[in-house]
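Q: Shown below is the structure under consideration.
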Amino acid sequence: MTINKDQGILQALNEWINIVGIDRVITSEELKTYTVDTDIVSRNIPAVVKPSSPDQIPSIVKVANCHKIAIYPISTGKNWGYGSGLPPTEDTVILDLSDLRKIVDFDTELGTVTIQPGVTQQDLRDYLDKNNLPFLVPTTGSSPNCSLMGNALERGYGSTPIADHFEAIMSLKAVLPNGDIYISPLREMGGKLIHKGYKWGFGPYIDGLFSQGAFGIVTEVTLSLSRQPEIVEAFYFWVDDKATLESTFISIQEILRTLGDITGSINLLNSLRLLSMSVPYPTNIPSGETLSNNQILQLAAGRNFPLWMGIGTLYGSRPIINAARNVIKNLLKPISKRVLFMTKQRAQRLQKIFLLTPSNWAKKQVSALKLVEQALMIMEGRPSEISLSLAYWKSGQRPDSGSLNPASDGCGLIWYAPLVPMKPKDIPHYIKNVEDICRQYGLEPLITLTCHSHRCLDSTVPLLFNPKIPREVERAHACYKALVSMGKEEGWIPYRIGINFRQELIDPNQPFWNLVTKLKTAVDPNHIIAPGRYALTKEELGYQLKAGQEK
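For the sequence shown, numbering that gives the first Met the number 0 assigns the number 0 to the initial residue and increments by one for each residue that follows.
Written out as structure tokens, the structure is:
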């Protein structure tokens with residue numbers, strides 16, 4: 000093993016080898032698999048440490064502290080569009096927790112599961128199926144091989160009834176920067192079961208510091224799961240007139256107010272977003288140019304896509320679903336000429352019928368129904384890669400077999416994901432601003448508006464580009480910064496951000512970030528754990544951070 004590092008890192012590597020074994024400290028060519036991203040990000044990664052047990056992590060952290068070497072924990076490293084598995088800072092050792100894949104506990108009565116960092120959506124789905132447990136996996140539409148814990152701690156969300164995945168975290172365990180073990184208070188105070196059923200604990204809510212926070216390494220979380228209902232039924236509605244967008248959101252707002260937990264979040268996708276998941280990007284569009292309105296309309300017409308398509312889900316018993324249907328039909332009638340209700344079973348039956356009809360129209364129906372069926376899988380808590388295909392629309396090479404991985408497959412992707420108040424009259428203004436800025440920088444404005452509640456929506460805008468063309472990378476970065484700047488002026492703030500753009504939102508002069516810095520420095524004086532992740536670095540605070548320097 001050839002290592003050309005300073006003395007501090009050499010000593011640390013030897014100590015880590017003693018803790019986890021030589022095969023679990025990576026310093027060779029295998030490091031390259033950790034340095035790929037959907038953006039042009041370059042980081043010097045001295046090593047990767049892969050513990051085989053959470054019991055090894057306190058010792059790993061103590062070694063890092065002793066030698067003042069920064070470590071960056073990842074679960075599966077699939078945070079595509081936000082930095083993948085790369086750290087925000089240079090000379091940071093990656094702590095890869097993907098081999099910690101134990102499902103520690105499942106409480107059928109309380110509907111909770113306790114998992115380690117490496118447990119993926121598919122792992123939990125397989126466990127539920129094997130044990131015949133009637134619960135939904137909190138799916139996201141990303142890869143089935145993505146970590147449940149990582150997504151929840153980043154405040155990700157999905158389409159199942161518990162759409163806010165951090166909300167589902169009832170309690171947790173974490174290793175602090177000094178090697179101590181943090182345990183959520185109710186559990187540590189002797190509440191053997193109640194910590195699974197009551198999120199907020201006792202006293203100050205410290206668990207929240209570990210969400211989008213660099214205060215420790217979370218090794219275990221207990222998640223609440225939604226029970227499998229009698230019926231999962233999707234509803235689709237077509238919006239063909241831009242002038243009705245305000246009315247559309249008034250209707251969505253009223254649906255969410257009226258139906259509450261019966262419906263999950265409601266999504267509105269523009270035609271470009273729909274096309275990105277269903278048709279190849281035209282090859283005759285020069286770099287730096289976007290599809291014209293006529294081209295978009297032609298492509299959308301070929302798939303019977305509207306200007307905007309609304310998608311929601313109903314969860315419950317047959318009587319509840321029937322009543323909810325009537326509410327939705329009445330509320331959507333003024334703004335949509337077509338409202339469709341669909342279960343997975345119905346989608347499968349219709350495909351069989353259309354396959355009997357040898358016509359192009361029937362083939363299009365089968366293709367559309369396959370997408371509906373895949374979407375319904377996600378709504379039923381069954382992981383699918385359906386939404387991940389959009390990353391390949393402008394770049395990247397889809398593998399002939401195996402799982403999709405936009406980072407290693409050469410895709411260019413940056414996510415802009417602002418929170419927008421659910422003020423129907425203001426939402427068209429948001430849409431126009433995003434469309435104008437994206438087109439100004441030669442990027443297609445693929446827009447989804449996810450309505451979590453009647454108060455707030457999250458908009459996800461994937462900035463797609465070819466990472467092999469430097470000018471496209473520059474335009475994507477400039478576009479992202481322009482979107483964030485515009486959003487800050489309007490009051491639309493991203494709910495999460497990538498490692499390349501934290502300076503756009505972290506202001507050391509604001510009291511909030513000042514408090515974060517004081518807390519971080521108190522808990523982690525050497526800034527060992529994930530420096531720069533939703534926090535200021537030592538350099539930004541005015542003193543030096545360099546792996547292995549000054550003990």
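Quick reminder that beta carbons are idealized off the backbone N, C-alpha and C, glycines included.
Owing to the predicted nature of the structure, the values given are computational and were not obtained by experimental measurement.
Buried or exposed, going by whether 16 or more other CB atoms sit within 10 Å of the CB of Pro111?
A: It should be noted that the sequence gives Thr, not Pro, for residue 111. Buried is the call here.
Q: For Cys145 and Arg348, what's the separation of their Cα atoms in angstroms?
A: Going from the Cα of Cys145 to the Cα of Arg348 covers about 31 Å.
Q: Below 8 Å on the Cβ atoms is my contact criterion, and I expect Ala561 with Thr262 to pass it. Report the Cβ-Cβ distance as a whole number of Å.
A: With the chain running from 0 to 550 in the structure shown, residue 561 is simply not present.
Q: What does the alpha-carbon distance come out to for the pair Ser394 and Glu288?
A: Ser394 and Glu288: Cα-Cα distance of roughly 15 Å.
Q: Is the number of C-beta pairs between the region 223-233 and the region 101-119 that are closer than 8 Å three or more?
A: Touching, per the Cβ criterion.
Q: For a quick check, are the C-beta atoms of Met148 and Ser74 less than 8 Å apart?
A: It is a contact, given that the beta carbons lie within the stated cut-off.
Q: Pick out whichever of Ile193, Lys241, Ala173 and Glu539 has its Cα sitting closest to the Cα of Gln55.
A: Nearest C-alpha to Gln55: Ala173.
Q: Output needed for Leu175: all residues of its chain with C-beta closer than 6 Å, excluding positions within five of it in sequence on either side, in chain order.
A: Correct list, in chain order: Tyr181 and Gly215.
Q: Check whether the Cβ atoms of Ile230 and Ile320 sit closer than 8 Å, and answer yes or no.
A: Yes, the Cβ-Cβ distance between Ile230 and Ile320 is below 8 Å.
Q: Please report the straight-line C-alpha distance between Thr449 and Met485, rounded to a whole angstrom.
A: Whole-angstrom Cα-Cα distance: 20 Å.
Q: For Lys550, which of helix, strand or coil comes out of DSSP?
A: For Lys550, the predicted structure reports a pLDDT of 40, less than 50, and the residue's modelled location is therefore unreliable. A value from the coordinates is still provided. Looking at Lys550 - three-state DSSP - the assignment turns out to be coil, as it is neither helix nor strand.
Q: Alpha carbon to alpha carbon, how far is Asn150 from Leu208? Give it in angstroms, no decimals.
A: Approximately 15 Å, taken between the alpha carbons.
Q: With Glu288 as the anchor, note down where its beta strand (DSSP E) starts and where it stops.
A: Here Glu288 belongs to no beta strand (DSSP E), and DSSP marks it neither H nor E.
Q: Take Gln543 and list the residues in its own chain whose beta-carbon comes closer than 7 Å to its own, dropping the five residues that flank it on each side.
A: With a pLDDT of only 37 at Gln543, under the threshold of 50, the placement of this residue in the model should not be trusted, and no figure is reported.
Q: Is DSSP giving Asp90 helix, strand or coil here?
A: In the structure shown, Asp90 sits in coil (DSSP, three-state: anything other than H, G, I, E or B).
Q: Alpha carbon to alpha carbon, how far is Leu462 from Lys517?
A: Approximately 35 Å, taken between the alpha carbons.
Q: Between which two residues does the beta strand (DSSP E) holding Ala233 run?
A: Ile230 to Val238 is the extent of the beta strand (DSSP E) around Ala233.
Q: Could you tell me whether the region 296-313 touches the region 357-375, using the rule of 3 or more Cβ pairs below 8 Å?
A: Touching, yes, given that three or more Cβ pairs across the two stretches are closer than 8 Å.
Q: Looking at the structure shown, is Ile2 part of a helix, part of a strand, or coil, going by DSSP?
A: Low confidence applies to Ile2: its pLDDT is 42, below 50, so where it sits in the model is not reliable, and the reading given next is rough at best. Coil, per DSSP.
Q: Taking 8 Å as the threshold (beta carbon to beta carbon), is Gly531 in contact with chain C?
A: The question asks about chain C, but that chain is absent: this structure has only one protein chain.
Q: Can you tell me which of the three DSSP states Arg302 falls into?
A: Coil, per DSSP.
Q: Using 8 Å as the cut-off, can you tell me whether the region 121-139 makes contact with the region 376-387, which would need three or more C-beta pairs spanning the two stretches below that distance?
A: As far as the Cβ criterion goes, the region 121-139 touches the region 376-387, which means the pair count is three or higher.
Q: Can you give me the Cβ contacts of Lys241 inside the same chain, cut-off strictly under 7 Å, excluding the 5 residues immediately before and after it?
A: Closer than 7 Å at Cβ, skipping near neighbours: Leu306.
Q: With distance defined between alpha-carbon atoms, name the residue in Val40, Leu268, Ser402 and Leu185 nearest to Ile205.
A: When only C-alpha atoms are compared, the closest one is Leu185.
Q: With DSSP run on the structure shown, which of helix, strand or coil describes Leu540?
A: Correct three-state label for Leu540: helix.
Q: Do Leu387 and Leu368 have their C-beta atoms closer together than 8 Å?
A: No, the Cβ-Cβ distance between Leu387 and Leu368 is not below 8 Å.
Q: Any contact between the region 88-95 and the region 156-168? By contact I mean 3 or more CB pairs, one from each, below 8 Å.
A: Judged by Cβ distances under 8 Å, the region 88-95 makes no contact with the region 156-168, as fewer than three pairs qualify.
Q: Anyone know if the C-beta pair for Leu339 and Leu389 falls short of 8 Å?
A: In this structure, Leu389 does not lie closer than 8 Å to Leu339 by Cβ.
Q: Which stretch, first to last residue, makes up the beta strand (DSSP E) that contains Lys172?
A: Element bounds for Lys172: Ile168 to Val174.
Q: I need the straight-line Cα distance from His451 to Gly202, nearest angstrom please.
A: Distance between the alpha carbons of His451 and Gly202: 28 Å.
Q: Which one of Pro524, Leu171 and Pro116 has the shortest CA to CA distance from Lys61?
A: Residue Pro524 is the option with its Cα nearest to Lys61.
Q: Would Phe464 be called buried (16 or more neighbouring beta carbons within 10 Å of its own) or exposed?
A: When all chains shown are included, Phe464 counts as buried.
Q: Leaving out the 5 sequence neighbours to the left and right, which residues in its chain are closer than 8 Å to Phe105 when beta-carbon positions are compared?
A: So the list reads Thr111, Val112, Thr113, Tyr126, Asn130 and Leu132, once near-sequence residues are dropped.
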